[in-house]
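K.L.:
Attaching a single structure in structure tokens format; questions to follow.
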Ligand code: DLZ
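Residue numbers (our numbering): 124 to 317.
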């Protein structure tokens with residue numbers, strides 16, 4: 124059965140700064156989800172230099188990474204011009220930062236952060252513990268900080284279900300696109316509601 128999401132809304136993301144944190148588990152599913160997310164951000168006008176991508180080992184690490192990335196952007200914003208970056212404060216790998224042209228890496232508080240992970244149920248209770256904690260953790264970070272955190276975590280029972288949500292099966296939809304649109308809409312609305 125296919126769940127119907129909301130009709131896509133395109134908002135103007137040209138003034139937004141968006142963070143993406145993704146897990147590295149299940150990378151064959153993560154990669155197309157990340158690509159779909161970024162494609163929609165750009166379609167909404169978000170500049171490449173205003174998209175900061177960080178990685179963590181697995182989905183369990185997503186809440187702390189989102190929290191630190193946001194906190195780092197606040198520190199960086201209040202000492203603008205000091206030359207640091209949110210990535211430095213998060214302790215990111217240079218490989219992640221290398222994805223951004225150093226000269227164009229923007230500074231400022233994130234308007235929204237997208238957390239991307241793929242949890243596939245195995246034979247043990249890992250799935251249940253991680254998916255519950257991660258969803259609770261991401262909601263908590265969002266409410267505690269006031270930054271919209273987009274829930275880009277697939278919690279699926281099979282590889283097939285994951286592929287069908289990453290656009291990897293003919294005719295299927297890439298959910299990353301929805302996450303990109305949601306981030307822009309919530310980033311714009313957050314500014315309006317400030
Ligand atoms: C350990 C684990 C397992 C079994 N499955 C997944 C998964 O399907 N997706 C995912 O993102 N991460 C998984 N992990 C790793 C945990 O999220 C975490 O990175 C480790 O337990 C280290 O804290």
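Each residue gets a CB set at the ideal place from its N, CA and C atoms; glycine is no exception. Given the structure is predicted, the values throughout are model-derived calculations rather than measurements.
So does residue 180 have its beta carbon nearer than 6 Å to some heavy atom of ligand 1?
P.N.:
The residue given as residue 180 occupies position 57 in the chain shown. Result yes, Cβ under 6 Å from ligand 1.
K.L.:
Here's the rule I'm using: 16 or more other beta-carbon atoms within 10 Å means buried, otherwise exposed. How should residue 190 be labelled?
P.N.:
In the chain shown, the residue the question calls residue 190 occupies position 67. Label assigned to residue 190: buried.
K.L.:
Going by other Cβ atoms of all chains shown within 10 Å of its Cβ, with 16 needed for buried, is residue 186 buried or exposed?
P.N.:
The count along the chain shown starts at 1 and reaches residue 186 at position 63. Flag for residue 186 reads buried.
K.L.:
Measuring CA to CA, which of 165, 132 and 153 is closest to residue 177?
P.N.:
Position 54 of the chain shown, counted from the start, is the residue given in the question as residue 177. The shortest C-alpha separation from residue 177 is found at 153.
K.L.:
Does the pairing of the region 254 to 264 with the region 294 to 311 give three or more beta-carbon distances under 8 Å?
P.N.:
no
K.L.:
Which term fits residue 288, buried or exposed, when burial requires 16 or more other beta carbons within 10 angstroms of its beta carbon?
P.N.:
Residue mapping note: residue 288 aligns to position 165 of the chain shown, counting from 1. By the 10 Å Cβ count, residue 288 comes out buried.
K.L.:
Assess contact between the region 272 to 279 and the region 241 to 249, defined as three or more Cβ pairs (one per stretch) separated by less than 8 Å. Is contact present?
P.N.:
yes
K.L.:
Please list, in chain order, all residues of the same chain as residue 319 whose beta carbon is under 6 Å from its beta carbon, the five residues on each side excluded.
P.N.:
Here the chain has residues from 124 to 317 only, and residue 319 is not among them.
K.L.:
If I measure Cβ to Cβ from residue 131 and keep anything under 6 Å in the same chain, skipping five residues before and after, which residues do I get?
P.N.:
Position 8 of the chain shown, counted from the first residue, corresponds to residue 131. Answer for residue 131: 304, listed in chain order.
K.L.:
In whole angstroms, what is the alpha-carbon distance linking residue 151 and residue 282?
P.N.:
By 1-based counting over the chain shown, the position of residue 151 is 28. By 1-based counting over the chain shown, the position of residue 282 is 159. So the two alpha carbons sit approximately 10 Å from each other.
K.L.:
Should residue 309 and residue 238 be called a contact, given that it needs their Cβ atoms to be closer than 7 Å?
P.N.:
Here residue 309 is taken as the residue at index 186 of the chain shown, counted from 1. Here residue 238 is taken as the residue at index 115 of the chain shown, counted from 1. No. Outside cutoff.
K.L.:
If I measure Cβ to Cβ from residue 295 and keep anything under 6 Å in the same chain, skipping five residues before and after, which residues do I get?
P.N.:
Taking the chain shown and counting its residues from 1, one reaches residue 295 at position 172. Only 287 meet the Cβ criterion.
K.L.:
Out of 134, 161 and 270, which one is the CA nearest neighbour of residue 196?
P.N.:
By one-based count along the chain shown, residue 196 stands at place 73. Nearest C-alpha to residue 196: 270.
K.L.:
Go through the region 255 to 280 residue by residue and report every complete run of the beta strand (DSSP E) that reaches 3 residues or more, in order.
P.N.:
272 to 279
K.L.:
If I'm right that residue 299 touches residue 157 with Cβ under 8 Å, what's the distance once you round it to whole angstroms?
P.N.:
Position 176 of the chain shown, counted from the start, is the residue given in the question as residue 299. Position 34 of the chain shown, counted from the start, is the residue given in the question as residue 157. That belief holds up - the Cβ atoms of residue 299 and residue 157 are roughly 6 Å apart, short of 8 Å.
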